[in-house]
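Colleague: Numbering (numbering that gives the first Met the number 0), first residue to last: 0 to 138. Glycine included, C-beta positions come from ideal geometry on N, C-alpha and C. None of the values given here were measured: they were computed from a predicted structure.
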Amino acid sequence: MRDENCIFCKIANGEIPSSTVYEDDDFRVILDLGPASKGHSLILPKNHYRDICESDKAVSEKLFPLAARIGKAMKAGLGANGFNVVQNNGTCAGQTVFHLHVHVIPRYEGGPAMVAWEPGKTDPEELSQTAKKLKGAME
Ligand code: AMP
Ligand code: ZN
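#1: Might you give, ordered along the chain, the residues of its own chain that have their beta carbon closer than 7 Å to the beta carbon of H100, omitting 5 neighbours on each side?
#2: Give a single yes or no on whether H102 has its beta carbon closer than 7 Å to a heavy atom of the ligand ZN.
#3: Helix, strand or coil: how does DSSP classify I51 here?
#4: Out of G81, H98 and E125, which has the shortest C-alpha to C-alpha gap to P111?
#5: Can you grab the Cα-Cα spacing for the pair G76 / S127, in whole Å?
#6: Three Cβ pairs or more, each shorter than 8 Å: is that satisfied between the stretch 89-97 and the stretch 114-121?
#7: Apply the 10 Å Cβ neighbour rule to P105 and answer buried if 16 or more other Cβ atoms are within range, or exposed otherwise.
#8: Looking only at C-alpha atoms, which of E138, N83, G13 and M137 sits nearest to P34?
#9: Hey, would you say K45 sits closer than 8 Å to R27, going by beta carbons?
#10: Using the Cα positions of E14 and E108, report the straight-line distance between them to the nearest angstrom.
#11: Compute the distance between the beta-carbons of L23 and V58, then report whether it is under 8 Å.
Structure below.
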């Protein structure tokens, strides 16, 4: 479950050094080299999955609890006031490294705005049609 050309496979499995925050049999958590804020961390599964759709269920189930542990540590250890959990799938969603990873980004009072969007507009008919399409496409 490794991709020889994948940099995150090499980092997750300790072949390339990283600022490691946490490690267990399934994951390595490292500090992002281009942090959005101080302590910005990446949860890397040790196995290679391109994105969350390819991920093993057992791995996916552990991601949120681990993100919560990292987020709590950001509050306790770095004085963060909150944190964002972000996970990009696909180029148009901002994914640049195609090895599944979860960003845990500490947020500090008065810090810059990020992970935000302008609320759009919709109407009940559009909501109903969109929900129907999604419902029909669920596997
Ligand atoms: P994404 O855009 O969701 O694919 O996120 C990729 C993230 O990986 C970016 O935030 C990069 O700053 C970060 N990144 C890329 N290469 C490295 C590396 N060698 N070590 C740590 N972080 C990295
Ligand atoms: Zn990989």
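Modeller: Short version:
#1: F7, L41, I42 and L43
#2: no
#3: coil
#4: Nearest C-alpha to P111: G81.
#5: Roughly 45 Å between the two C-alpha positions.
#6: no
#7: buried
#8: Comparing Cα positions, the closest option is N83.
#9: Contact: yes.
#10: 37 Å
#11: For the record, residue 23 in the displayed sequence is Asp; it is not Leu. Not a contact, by the Cβ cut-off of 8 Å.
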